[in-house]
Amino acid sequence: MRIVVPAGGIGGARFLRGLKTTLGIGADHDDGKTTITVIGNTGDDITLFGLRICPDLDTVMYTLGGGINESQGWGRTDETFVVKEELAAYGMQPTWFGLGDRDVATHIVRAQMMAAGYPLSAVTEALCDRWRPGVRLLPMTDDRVETHVLIDDENGRRAIHFQEWWVRHRAAIPAVRIIGVGAADAEPAPGVLEAIHEADAVLLPPSNPVVSIGSILSVPGIREALTATTVVGVSPIIGGAPVRGMADACLSAIGVETSARAVAEHYGPELLDGWLVDEADDGAHVAGIEIRSRPLYMKDTESTAAIARAALDFALELK
Ligand code: GDP
Ligand code: CA
Numbered sequence: 240m241r242i243v244v245p246a247g248g249i250g251g252a253r254f255l256r257g258l259k260t261t262l263g264i265g266a267d268h269d270d271g272k273t274t275i276t277v278i279g280n281t282g283d284d285i286t287l288f289g290l291r292i293c294p295d296l297d298t299v300m301y302t303l304g305g306g307i308n309e310s311q312g313w314g315r316t317d318e319t320f321v322v323k324e325e326l327a328a329y330g331m332q333p334t335w336f337g338l339g340d341r342d343v344a345t346h347i348v349r350a351q352m353m354a355a356g357y358p359l360s361a362v363t364e365a366l367c368d369r370w371r372p373g374v375r376l377l378p379m380t381d382d383r384v385e386t387h388v389l390i391d392d393e394n395g396r397r398a399i400h401f402q403e404w405w406v407r408h409r410a411a412i413p414a415v416r417i418i419g420v421g422a423a424d425a426e427p428a429p430g431v432l433e434a435i436h437e438a439d440a441v442l443l444p445p446s447n448p449v450v451s452i453g454s455i456l457s458v459p460g461i462r463e464a465l466t467a468t469t470v471v472g473v474s475p476i477i478g479g480a481p482v483r484g485m486a487d488a489c490l491s492a493i494g495v496e497t498s499a500r501a502v503a504e505h506y507g508p509e510l511l512d513g514w515l516v517d518e519a520d521d522g523a524h525v526a527g528i529e530i531r532s533r534p535l536y537m538k539d540t541e542s543t544a545a546i547a548r549a550a551l552d553f554a555l556e557l558k
């Protein structure tokens with residue numbers, strides 16, 4: 240069975256860990272029976288200190304490879320921040336991005352390979368040789384795509400990088416618009432469209448509908464390919480709230496209400512065949528999309544595995 244999961248960071252990674260658990264997949268992504276291909280969001284990527292940082296790819300890789308800081312949901316376990324302190328002592332900007340020492344090593348490998356001309360997909364594969372995440376992790380594109388956010392503040396109207404808006408300002412400044420710089424000219428990374436075409440099921444994990452799934456869908460060709468397969472999504476919104484994080488700030492920027500129903504409507508019946516909502520949202524109805532409810536809070540690996548199993552069974556049933 241071939242499963243494809245377009246994924247953002249924390250929500251995507253946790254869902255994937257549950258999916259691996261329910262399928263009994265370990266460190267090897269190809270046991271000859273079941274493969275999971277992850278299409279990772281790279282819209283969050285940013286270049287800082289000469290390093291290309293890919294937060295969502297790394298969150299998936301560290302989470303599935305056992306290197307994640309569990310309580311935080313991103314970054315490395317047992318992390319120290321000596322490099323960050325030293326950079327601050329030089330007055331290096333920015334100071335709001337938490338780049339840990341262990342994490343820096345990942346970024347040096349990536350920077351070195353990219354400087355040598357390797358595409359991001361090849362770099363990601365090389366990094367995964369160490370982490371053995373048990374999935375095939377592909378970036379959505381090898382091209383540079385960056386999410387920027389248009390804001391109004393005392394400096395007037397300007398666009399800032401998504402990371403500055405999200406991490407530095409905690410999404411507290413209202414976003415006038417969210418822009419995928421470079422998206423229109425990007426091409427899906429090698430293997431992305433093939434994986435979708437060959438998929439028995441595509442599962443949308445509870446990832447940010449705008450800056451994670453939305454940016455993956457903005458790469459020309461990906462949405463079109465997905466409309467031709469069976470897609471089941473897991474709502475990232477429970478009872479009108481984003482559970483963890485600030486996805487509501489992204490949804491209001493694109494004029495979508497923060498509700499399980501509105502997100503399904505936003506994806507639309509062409510893309511979504513089935514939509515899993517929490518019991519709190521039971522009764523949600525969207526024309527052309529089959530909706531089922533069950534508990535969707537990813538409390539621990541066991542409850543998350545049950546969510547992933549429900550999404551997979553739902554997709555195989557709709558196929
Ligand atoms: P990010 O890149 O780290 O922001 O992670 P994602 O793009 O994967 O998005 C995380 C999204 O998952 C958040 O916006 C929440 O709406 C959603 N989320 C977080 N925890 C849970 C949970 O336990 N259950 C569900 N259904 N959604 C969750
Ligand atoms: Ca992200």
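Under this note's numbering, the first residue of the sequence shown is numbered 240, with each subsequent residue one higher.
Note that beta-carbon positions come from the ideal geometry of N, C-alpha and C, so glycine has one too.
Beta-bridge pairing of residue i - partner residues as DSSP gives them
i      : result
Arg416 : Leu389
Ser532 : Val516
Leu290 : Leu287
Thr363 : According to DSSP, which records beta bridges pairwise, Thr363 is partnered with nothing at all.
Test item: CB-CB of residue i and residue j under 7 Å
i      : j      : result
Val473 : Ala554 : no
Ile528 : Leu511 : yes
Pro534 : Glu518 : yes
Arg256 : Met537 : no
Asp295 : Gly306 : no
Pro429 : Ser360 : yes
Ala422 : Val450 : no
Ala464 : Ile418 : no
Thr363 : Leu376 : yes
Selection from the options that minimises the alpha carbon distance to residue i
i      : options                        : result
Val420 : Lys259, Asp487, Leu389, Ala440 : Leu389
Ala344 : Gln311, Leu359, Ala327, Leu290 : Leu290
Asp391 : Thr298, Trp404, Asp439         : Trp404
Arg455 : Thr468, Ala327, Val431, Ala438 : The amino acid at residue 455 is misidentified as Arg; the sequence shows Ile. When only C-alpha atoms are compared, the closest one is Val431.
Arg241 : Ala422, Met300, Thr543, Ala440 : Ala440
His272 : Ala544, Val374, Ala246, Asp381 : Note on residue identity: the sequence assigns Lys, not His, to residue 272. Looking at the Cα atoms, Val374 is the closest of the given residues.
Gly251 : Val277, Arg396, Thr363         : Val277
Pro358 : Thr543, Pro378, Gly507, Met300 : Pro378
Ala414 : Gly247, Val495, Asp539, Pro372 : Val495
Arg409 : Ile530, Ala550, Val243, Cys489 : Cys489
Glu393 : His505, Ile412, Leu258, Pro445 : Ile412
Ile399 : Glu504, Thr469, Tyr329, Ile285 : Ile285
Buried versus exposed call for residue i [16 or more other C-beta atoms within 10 Å across all chains shown]
i      : result
Trp335 : exposed
Leu515 : buried
Leu443 : buried
Lys558 : exposed
Asp520 : buried
Ser310 : exposed
Of all residues in the structure, which have a C-beta closer than 5 Å to any heavy atom of ligand 2, taken in chain order?
Gly247, Gly248, Asp283, Asp295
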